[in-house]
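Okay, structure first, notes after.
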Amino acid sequence: MNNHPDRRAVTAAPQGDPMLTRRQFTTTIGAGLAAGLLTPGLGRAQAGTIKMGSIFSYTGPAAFLGDRMKRSVELFVEEANKKGGIGGRRIELTLYDAGSESTKAVLAAKRLIEQDKVDVIVGDGNRSDIGLALVPSVQRAEVPLMSVSGATALVEPVKDRAWVFKSTVNDTEVIARLLDFFRKRGIKDVAMLNDTGAFGVSARDQLRAQAPAAGINAVYEEFGPGDNDLTTQLTRIRGTNAQAIICWTVTPAGVVFLKNAQQLGLKQMLVHGFGFVADRYMQLAGDAAEGLYLTSLKFPVADQLPDSDPIKATILDYKARYRAKYNEDTDVYGGQAWDGIGMVAQAITRTGSGERGKIRSGLEEFIKEYKGVGGVFTFSPQKHWGLAKSDVVIIEWRQGKFRLVDL
Amino acid sequence: MERLPGRVSGRALVAFLAAVAVVPWLLPNQYLVHVVVLAGIYVILAVGLNLVMGYAGQVSLGHAGFYGLGAYVSAVLSVRYGLTPWLGMPIAALATGALAYVVGIPTLRLKSYYLGMATLGIGAVLHLAFVQLHRITGGSSGLSGILPWDLGPLRFTTATEHYVLVWAFAGLALWVARNLVNARVGRVLRALRESEAAAEAMGVDTAAEKRRVFVLSAVYASVAGSLYAHYITVISPEIYSFLFSVVLVLMVAIGGIGLYWGAVVGAVLLTVLPEALRRFGDWEVPLYGLALIVVILFLPRGIAGLFAREGRALAPARSSTLPSSPPPSLPASAPPSAGQVSVARAHTGPLLEIRRVTKQFGGVRAVHDCSFGVADGEIKAVIGPNGAGKTTLFNVITGFYAPTAGEVRLRGVPVTALAAHRLARLGLSRTFQNLQLFPGLTVIENVMIGCERDAPGGFLGAAFALPGPRRRTRIERARAERALATVGLEHAARLPAGSLAFGQQKLVEVARALAAEPTLLLLDEPAAGLNTSEKVEMMRLIARVRDGGITLLIIEHDMRLVMGVSDRVVVLDHGEKIAEGPPSEVQRDPAVIRVYLGEDAAAIA
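Protein chains in written order, with the working numbering: chain A, 1 to 407; chain B, 1001 to 1605.
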């Protein structure tokens, strides 16, 4: 059949050519891969520890959110272990990068569940689509997952999402809060200008569902997340009697919206959703952002809250601790991870067990009026997202600063 | 059977598949099984892409799009209509294949970077469609609730079950790739990667061949996409972004371009490596990058290149003299095949007729109003000084150029500007002035490409190793061996053509043209670059070929060769015919002498 006496011969390499021999290559790669794959995570397993896994995207496009989330979780674990752990148990944290890819995140989740055998996962790769990709795995393995992403579908319907919780606000509440604000200001006609991404589409659907009951008329326009001119849409809106224009996006197209509105001389009230609360975007928009209203959690305006506010102290405390440790400022997203791990810790302390099922039921049972950074959380068997309308505030960008307008 | 470096025996393949079969029961947990399931999906993708990149020599940066289309079509059918993946997958594959076919018509005309850019565009458009058609696809937040794989009432849940399914498909994908690569299709693809013009001249419809492989590769990607979608049960557009296309190209490059099993190594490594590096936390990404750099730096032929059998070392250049004794057997002047006979007997005029052909390049008139005929069984030579328009005329006859005016008839049938591969199929065969061999193929493979004109296609038969194409390969091999014997090179059959001496390469080219069993053979400067003894041998070979019943049209500078072998000679000067007749007459023609020797010589004569 084949007559090759030289089958086992080492590839002949001309002298001085940087070539590996077959044996060098096979042994190095083989040993390296086996070691990397088969050894457990860095932490050493000890009796009575809580094994916690975390998946964040701290590389790739979603890293601008994931980096502070990861650091917040690490900070929490470090502080808790310094104080002797949660309920006397040390936390053993295994952190994996999702790299902003859902395939990679699923691999990380399987590894946490099957190989590292964690009791709970905090962090879902910090993007809704990545989080959604993890749901089947955790549901099947029955491991509690604390998501830090926005989509309602992560926790709804609860009967198919029994093991998933989230520490973020739903746009249901944000839209409801916005409609209250419009009513208070006597605004009856509004225009919704959303991007065609998941974030924008979901908010538009919420407005469609809630506006009629609130007695508000809405017209709708759309744009692509990468668009750099919205004058067509804004010109059409100018032709309606909308008193306020709501723009819903997390992309820089939101800056274009502000600039185009200024160029067209629009006098309507301009409103942005809660995905746009970022100093950087405001600076990019310059004067065009002056007087812009935004829906937001209380986080960016914590220092302006009355002292009686239930979470003012929590926010300021978290900010200070983060600053002390990393010598930089955190943001509202880092706060979501901070709340996520905080609530898991609370569930473990209260149930006195680090077992998967107990952590899950503990979250449903013992997270009541939990004072987090994002708001006051209350979970129940019917509700796996904790925040309410009262956690959303209306703020305004004026003279280089976010200012609290409506509490 | 001759083997090129890097071929894997059937036994090795079976051993590999057997090892694959037991893997999940050796792994300590389901996470590791999950890793190898994903690796299996990527193997299908990479093997498919390698067919396009490694064999057809075309880069595709749009494969993530085809992967996504396969995933989305069967996922949407499953979510919206409850269709089982067993039906969804073939529907998705058909849709993806059809898209690749349509897209392939214009884009595969492009070469290298341009094709890369075009496929990049296809990938981007598909990705955009997944995001923008959110009513169907769920937009950027993805599509969940996809039905898992099932077998009747049994739903697949564990990674091990999926492992069996995915690797069964991966095995099938490998088997088909191996069949194609080792059969005629692989030979043709490697040939057209090296010289598209020569392949075309031998009757290969290069566009169709490339398109078939491109479609097959897209179907591979689609199947992989469906496997993924129904395994993970949630998909989102980000998985199918441009970045993933790049990762796929990387898998092929790291594994070894052009070695079909190299893609397996690349895919498995690039799936397993990042997982192995996870435990290094923040160091994962830099270590991963470092590992890739090391492989690319130290293993330029990819990992498969390291393991590929070297074959024999390239033959030391043999003495450039040709075999001194004429080969015993006379040519491949096997009786013409049935189709040719019917055409042949119906016509009584000249075999080839050139009627008032003119070819202009902008303001330059390379050939002007040129007419002559080539009778059955004669050797006709076209001569003329440099720039007389000989090669242009040749390219018009062989279908490489369309003439500005005039027509070419073969057996009375107009064949003007017919595609080169179609002319070849009508019985017209040629060699090239500056060698157009396929240097990476063995000599016998080169010659076998000459048989392409008779029965193109056979793609599906070859893919599934049906007996028909295999029988055909045997017949073609025998034909090629006869043609090699005619030129006296049967001893060199298994050497890479590029390793032969120049004179021998010219003979291989003649053998390749003879293997086509043409009615008309066109030789473009057969003596160029040959030494005196080689020229003598070439003259003998030409005479033998004619004696075998093949008509020849020769372009040549070398007067000795022309005068020695031709029956009639046409003389061109500045694109116009100035003389035609038997060599002895033409030699005395004052116009010809003037052209070659100048006015004074004509006066003396």
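Glycine included, C-beta positions come from ideal geometry on N, C-alpha and C. Predicted model only: the values in this text are computed from it and were never measured.
Pull the bridge partners of residue i from the DSSP assignment, please.
i          : result
VAL392(A)  : LEU297(A)
VAL373(A)  : VAL373(A) is not bridged to any residue.
HIS272(A)  : CYS247(A), LEU294(A)
ILE91(A)   : ILE50(A)
MET192(A)  : TYR220(A), ILE246(A)
VAL1285(B) : VAL1285(B) is not bridged to any residue.
MET146(A)  : VAL122(A), PHE165(A)
VAL1234(B) : SER1144(B)
TYR1228(B) : Answer is none; TYR1228(B) lacks a bridge partner.
GLN1360(B) : ARG1365(B)
VAL1374(B) : LEU1352(B)
PRO1414(B) : ARG1409(B)
ASP1524(B) : ILE1555(B)
TYR96(A)   : ILE55(A)
ALA1381(B) : ILE1554(B), VAL1569(B)
So with Cβ pairs under 8 Å, would you call residue i a contact of chain A?
i          : result
ASN1386(B) : no
THR1157(B) : yes
THR1233(B) : yes
ARG1279(B) : yes
GLY1139(B) : yes
ILE1239(B) : yes
HIS1034(B) : yes
GLU1284(B) : yes
LEU1013(B) : no
ASN1029(B) : yes
Can you tell which of the options has the C-alpha that lies nearest to the C-alpha of residue i?
i          : options                                        : result
ASP1376(B) : SER1499(B), ILE1593(B), GLY1548(B)             : GLY1548(B)
ARG1355(B) : GLY1387(B), VAL1396(B), VAL1408(B), ALA1402(B) : VAL1408(B)
MET192(A)  : GLU142(A), LYS159(A), GLN268(A)                : GLN268(A)
PHE1502(B) : ALA1291(B), ASP1282(B), ALA1527(B), ARG1560(B) : ALA1527(B)
ALA1515(B) : MET1202(B), LEU1115(B), LEU1180(B), PHE1400(B) : MET1202(B)
ALA988(B)  : SER1140(B), VAL1295(B), ALA1208(B)             : Examination of residue 988(B) is not possible in this model, given that chain B is present from 1001 through 1605 alone.
THR420(A)  : SER390(A), ARG238(A), TYR326(A), ALA253(A)     : No answer is possible for residue 420(A): it lies beyond the span of chain A, which begins at 1 and ends at 407.
GLY1302(B) : TYR1260(B), HIS1034(B), ILE1555(B), GLU1517(B) : TYR1260(B)
LEU1437(B) : GLY1373(B), VAL1020(B), SER1371(B), VAL1510(B) : VAL1510(B)
THR1693(B) : SER1236(B), GLY1373(B), SER1195(B), GLU1200(B) : Chain B is shown from 1001 up to 1605; residue 1693(B) falls before or after that span and cannot be answered.
For residue i versus residue j, is the C-beta distance shorter than 8 Å?
i          : j          : result
LYS166(A)  : TRP385(A)  : yes
SER149(A)  : ARG127(A)  : yes
VAL1043(B) : VAL1264(B) : yes
ALA1092(B) : THR1271(B) : no
ALA1218(B) : VAL1047(B) : no
PHE223(A)  : ASP195(A)  : yes
LEU1410(B) : LEU1428(B) : yes
LEU1561(B) : MET1538(B) : yes
LYS454(A)  : THR314(A)  : This structure does not reach residue 454(A), given that chain A is present from 1 up to 407, and the question cannot be answered.
GLY1088(B) : SER1078(B) : yes
GLU1445(B) : ARG1155(B) : no
LEU234(A)  : ALA261(A)  : yes
VAL393(A)  : VAL255(A)  : no
THR1084(B) : LEU1032(B) : no
LEU1049(B) : SER1060(B) : yes
Verify the CB distance criterion: does residue i have a CB-CB separation below 8 Å to chain B?
i         : result
ALA176(A) : no
ARG356(A) : no
ASP97(A)  : yes
GLY123(A) : no
LEU42(A)  : Only weak support is given to the placement of LEU42(A): the predicted model assigns it a pLDDT of 48, under 50, and the value that follows is read from those uncertain coordinates. Answer yes: the Cβ-Cβ gap between LEU42(A) and chain B drops below 8 Å somewhere.
GLN263(A) : no
ARG111(A) : yes
SER361(A) : no
GLU114(A) : yes
ALA45(A)  : Confidence in ALA45(A) is poor, its pLDDT being 47 and thus under 50, which makes the residue's placement unreliable; the coordinate value appears in the next sentence. With 8 Å as the cut-off, ALA45(A) does not count as an interface residue toward chain B.
Taking 7 Å as the cut-off, does the CB of residue i come closer than this to any heavy atom belonging to the ligand MG?
i         : result
ILE175(A) : The ligand MG is absent from the structure shown, which contains no ligand whatsoever.
### Query
Using a beta-carbon distance cut-off of less than 9 Å, what residues from the segment 1266 to 1277 of chain B approach chain D?
No chain D is present in this structure, whose protein chains are A and B.
### Message
With three or more beta-carbon pairs closer than 8 Å as the criterion, would you say the segment 1120 to 1133 of chain B touches the segment 171 to 184 of chain A?
### Response
no
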